[in-house]
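**Student:** Quick one: the structure is below, and I'll ask about it shortly.
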Amino acid sequence: MSSKEFDVNGTDYRIVLTEQVISHVNNLKSLYNAAYEDPESFDDVSAEISSTINEIASVVEPQAEDSDLDGLIQEIIKAVENKAAEIGKELEEKEKPKKKSRSKK
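So our numbering is basically just the index in the sequence shown, starting at one, shifted up by 1.
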């Protein structure tokens, strides 16, 4: 878990990137993609998008203002994507020495 802070419209927000938050963000991204790929399905997924955004916003401190919600969610999505990239990079670095040692044998 890691804590992230964001400045949105002059307000400092803080969130802890738990597995649950990451799961909600990934679900939200999937919902956005579904709505983008099939605009006619937007009405079907819009309630789920709203619910997922509210789940994410519920763990933000302080409570997010409605006017800040869009920018805040965008910042949280970026933070989750950066965290995933960071973890991926760490895994690659851990695997590199193993591959080298295997090839030497």
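For every residue, glycine included, the Cβ atom is placed at its ideal position computed from N, Cα and C. All figures in this text were calculated on a predicted structure; none of them were measured in a lab.
What residues in its chain sit with their C-beta under 8 angstroms from that of residue 102, if we drop five residues either side in the sequence?
**Tutor:** Confidence in residue 102 is poor, its pLDDT being 49 and thus under 50, which makes the residue's placement too unreliable to answer from.
**Student:** Which residue wins for smallest C-alpha separation from residue 52, given the options 20, 29, 19, 41?
**Tutor:** 29
**Student:** Inspect the CB distances between the region 17 to 28 and the region 37 to 57 and report whether three or more fall short of 8 angstroms.
**Tutor:** Flag = yes, the region 17 to 28 and the region 37 to 57 touch.
**Student:** Just mark residue 74 as buried or exposed, buried being the case when its beta carbon has 16 or more other beta carbons within 10 Å.
**Tutor:** When all chains shown are included, residue 74 counts as buried.
**Student:** Going by alpha carbons, who is nearest to residue 19 out of 35, 81, 44, 38?
**Tutor:** Of the listed residues, the one whose Cα sits closest to residue 19 is 81.
**Student:** Smallest Cα separation from residue 64: which of 3, 2, 7?
**Tutor:** Closest in alpha carbon position to residue 64, among 3, 2, 7, is 7.
**Student:** From which residue to which residue does the beta strand (DSSP E) around residue 61 run?
**Tutor:** Neither: residue 61 is in no beta strand (DSSP E) and is coded neither H nor E.
**Student:** Which residue wins for smallest C-alpha separation from residue 9, given the options 62, 22, 96, 86?
**Tutor:** 62
**Student:** How far does the beta strand (DSSP E) with residue 4 in it reach, from first residue to last?
**Tutor:** Start and end: 3 to 9.
**Student:** Buried or exposed, going by whether 16 or more other CB atoms sit within 10 Å of the CB of residue 32?
**Tutor:** Residue environment: residue 32 is assigned as buried (16 or more neighbouring CB atoms within 10 Å of its CB, all protein chains considered).
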